[in-house]
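What follows is a short report on a single structure.
Protein chains in written order, with my numbering: chain U, 330 to 792; chain Y, 6 to 507; chain V, 293 to 436.
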């Protein structure tokens, strides 16, 4: 047996399960497109067939690239993400194209075209990362460097950034503008995973008694992480980005639990957060306003409560099966009823047009992505990689949960995006990066032989 | 958790924690599902039927509202298109402004136009099934028609008879609760408000009118009832057994001249001196509208008995109806006596319709209807059916609000009320209410308001007394004695109605 | 109901059905994986125990072995060694019917068995020590 004939050597491997799921995704998206076309034009035909074909071709290309690379990476993540992205494209297609307009050279691109461009770029990033990342030393060893760069990015945004809707999230770099807080998510997860994994024993076992039977990890080990977190949260709150603060904190708590297994610490963490939040609400008027609007949007139905009320009405109009793509969101005086629906309230639009059935399906897709990610984490080789994968998966899942809960008035509204569905270049690219990393770390290594050579040649079926 | 198929993994407790975390996440998503269900299923109906809902507003602009018809099929409200092709409402007669309301682009909607907006706009009816089915039909261009119980001729007549006075008339069928007429004056120009060209001016006129035409006095106006309330006292006394038709009070004739002393307060009467020293029984007391007798009857029934009967009739709560109604009251409440009365003086005054009693004309019409219907109170209704553009009819079932008194008691009260209109002494007060060839039962009321103003003129009644087909309540604000304005107005209404129906 | 409305509704419902078909297939795949995992005993052929290590995997780790087990720094390896002296694809352990063999895949720093550098495919017995970089491992009998 020579090295070249080893099954571990990257040789093209058929990914049957992924192919099957992608075909279902393609069929679903085509049906969605036809549905939109029927509602819009009254006849059977695709809306923007070029866009749909480009997207499906991109998915196919990614699939083929993964097949060629031959690594045994997860086969469910790509189709799930492809479905979510496709639904986002359908939504972008359905909304008026002039919500976002950008000049790229001679062409003027509208909402759907821009979303398509970002999605394809995100897929490219995902597949490149999935194929080329073969080791995580660079993440693990330089964790403090990563943390510093993350904070530096945040500070840069604070100093140089532009105010959009009362939040300073955007960094304008000439023709391109982005939201560094998105990238910060990944950087912080890398740092937390590395730090918690290395110190998990100390955090779990060498505890310090605080009061009664309540023990907490010893200060020197909790301090760096705690400081880092508080710093990030502080800057984020000053920048009025409550959603990101909630996201970082929730992911941190989850990773902490995975590292130490201490439920008590998690409960303490949640309690601390609630206390902190109440204090913030008392001190900062903008936090107070958000909470007041959340508790009773009907107190100011034409002002601060308008967005929330319109979103709830959209959900109500959708009912169980929805009004159909393109048939909902009745315009009043030529304007969509929900302001900023493509960034802040995509779930409300989906709720109205696809009904509760559609909303549950979309939530199900996010749960699939998170579950898959957590499973990759559970099967990972060591703690750091496990926490890393878990953290990345949780970033997507918790972010989706936070924005969905905000849309449904279960928690105050925040400004973060619904991954893969909301319009937003930075969000899509970073989520593509996350998926790429998850795929890379999900490599299952060579197929155990013992199967007949024939089967091995065929790639041995998908698993 | 064991590892899968890849050599080189060790057992780790992390697997268990991951499983628990996955479960926690699944629970969070389950919570999201419940949240979605709350808004998309549980609250879906009331949110999407709210007039401020974007869907409703959009429908109102593109869908032609269904027509509103009276009981004989006459069109009461219809739609026309303006120069730019958008529909607007036109109402047949200004007398319909109270029940129908208006529907305009600038000022929203009111009355039946608001209450039944989703049926009129074709976005579905009252039950989730019909609304779900409405989604399957292609977005129609027209909504359902409303068939009402109103009679256009009676409605017009009521407003015409009220003339320049402020007041209200409610006429209904005591057997079914169908509201035949529901007039409130002054009226306003609903067509003017609905027409985009004249919207602003008409609405300004309506809101600026000191007579408050936008107030539907028939169901929202609360008035001192005066003697018409004695029927309620009669119901309370008879059904609780405190009094019988033969009940007399020995101190009553003397009290006519000296006044009845109740806890240091003198209840005065004095408007039937012709009875002299006659000891009145129930029917006679009703015929001459004796305050003393009724005050004593009320005291004997007691606050609890009064309150109980009043609640059965619908006092103390809005009456179930197509439109929002105000609730009538026996007393402002808070007093130590049963029923919330402050003291016996108030109870005595309330018994003959003064004190702190406030009633709506609809409530009093229902009181008359209850007696007319043998003691069972009908449920009032305006809309009797929905007719879809394709001709499918969906009936709205009527009903009752329960039995308030026994048939025997109802018969006794009917007899007393008949005497009040047809009797020799009764005619002194109610002559205008008589209809040739028909036995009319009724009661007038002169509601003293204190101060120097004229009292409200009231009349409630029904006809024919043997087998009533119409019950009526009339109030003319500051119209003087019951017999001056209300009784003749009611008589004219009854005459017209009964003449038309053989 | 006219044909257009029928078509609209049919396609709308088909779209929702396709979404749920996708979810069902994924759930089925997940369940199948879990079942396969519990059915598939790993480590029956042999185990690799890490005696000493300067980095990852930590000393004391036990790796169940498949019939072909690759070792190296690459994430695609069966046993991922984080040692700086380990190549991406360093060595492979194979079970050929009767016994274990170790083969160096042309690594930079070589593989040692009981202190002796490996050339070609060397038979490996239970209890033998394998060294890659600073990581020392011992081949042990599998759990039945």
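In this text, a Cβ means the ideal position worked out from N, Cα and C, and glycines have one as well. Just so you know, these numbers come straight off a predicted model, no measurement behind them.
Think of a sphere of 8 Å around the beta carbon of residue 739 (chain U): the chain Y residues whose beta carbon falls inside it are 36, 37, 40, in chain order. For residue 109 (chain Y), the secondary structure class from DSSP, reduced to helix, strand or coil, is strand. Rounded to the nearest angstrom, the gap between the Cα atoms of residue 394 (chain Y) and residue 84 (chain Y) is 14 Å. Cβ-Cβ distances below 8 Å link residue 756 (chain U) to 508, 511, 746, 748 in the same chain, with the five nearest sequence neighbours on each side left out; the list follows chain order. The DSSP-derived three-state label of residue 387 (chain V) is strand.
For residue 432 (chain U), the pairing in a beta bridge is given by DSSP as U:437. Within chain U, no C-beta atom comes nearer than 8 Å to that of residue 146 (chain Y); the closest sits roughly 15 Å away.
In this structure residue 228 (chain Y) is buried. Its beta-carbon is surrounded by 16 or more other beta-carbon atoms within 10 angstroms. In this structure, DSSP gives residue 351 (chain V) a state outside helix and strand, which the three-state scheme calls coil.
Residue-level contact by beta carbon holds for residue 30 (chain Y) and chain U, with a gap shorter than 8 Å. In the three-state DSSP reduction, residue 382 (chain V) falls in the coil class, being neither helix nor strand. Using a Cβ-Cβ cut-off of 8 Å, residue 463 (chain Y) does not count as an interface residue toward chain U, since no Cβ of chain U sits closer than that to its own.
For residue 429 (chain V), the pairing in a beta bridge is given by DSSP as V:342, V:422. A direct Cα-Cα distance of roughly 12 Å separates residue 338 (chain Y) from residue 355 (chain Y). Residue pairing by DSSP leaves residue 294 (chain V) without any beta bridge partner. For residue 434 (chain Y), the enclosing alpha helix (DSSP H) starts and ends at 431-435. Only 306, 307, 308, 310, 311, 312, 313, 314, 315, 317, 318 from the region 305-319 of chain V bring a Cβ to less than 7 Å from some Cβ of chain U. When CB distances to chain Y are screened at a threshold of 7 Å, the residues of the region 638-651 of chain U falling below it are 639, 641, 642, 644, 645, 646, 647, 648, 649, in chain order.
Residue pairing by DSSP puts residue 409 (chain V) in a beta bridge opposite V:404.
When DSSP states are grouped into helix, strand and coil, residue 444 (chain Y) belongs to the coil group. For the 8 Å CB-CB criterion, residue 313 (chain V) and residue 693 (chain U) do not form a contact. Taking the C-beta atoms as reference points, residue 381 (chain Y) is found nearer than 8 Å to residue 405 (chain Y). Taking C-beta atoms under 8 Å as the contact rule, residue 379 (chain V) and residue 400 (chain V) qualify, at a distance of about 5 Å. Assignment of residue 334 (chain Y) by DSSP, reduced to helix, strand and coil, places it in the strand class. Of all residues in the region 684-702 of chain U, the ones placed with a Cβ closer than 9 Å to any Cβ belonging to chain Y are 684, 685, 688, 689, 692, 693, 695, 696, 699, 700, in chain order. Annotation: the continuous alpha helix (DSSP H) that includes residue 224 (chain Y) extends over 222-225. In chain order, 421, 424, 426, 428, 429, 671, 752 place their CB closer than 7 Å to the CB of residue 440 (chain U), counting only its own chain and leaving out the 5 sequence neighbours on each side. As summarised for the region 257-339 of chain Y, the continuous beta strand (DSSP E) elements at least 3 residues long and confined to that stretch are 265-267, 270-272, given in chain order.
For residue 383 (chain V), no Cβ of chain U is located within less than 8 Å of the residue's own Cβ.
Spatial neighbours of residue 216 (chain Y) in its own chain (CB-CB distance under 7 Å, excluding positions within 5 residues in sequence) are listed in chain order as 171, 191. For chain U, the residues of the region 403-430 of chain V that bring a beta carbon within less than 8 Å of one of its beta carbons are 413, in chain order. When only Cα atoms are considered, residue 33 (chain Y) and residue 203 (chain Y) end up about 55 Å apart. Residue pairing by DSSP places residue 464 (chain Y) opposite Y:449, Y:479 in a beta bridge. Put simply, the CB of residue 343 (chain V) is far from chain U, with every gap to its CB atoms at 8 Å or more. At a cut-off of 8 Å, the C-beta of residue 586 (chain U) has a neighbouring C-beta in chain Y.
Here the alpha carbons of residue 111 (chain Y) and residue 457 (chain U) stand approximately 58 Å from one another.
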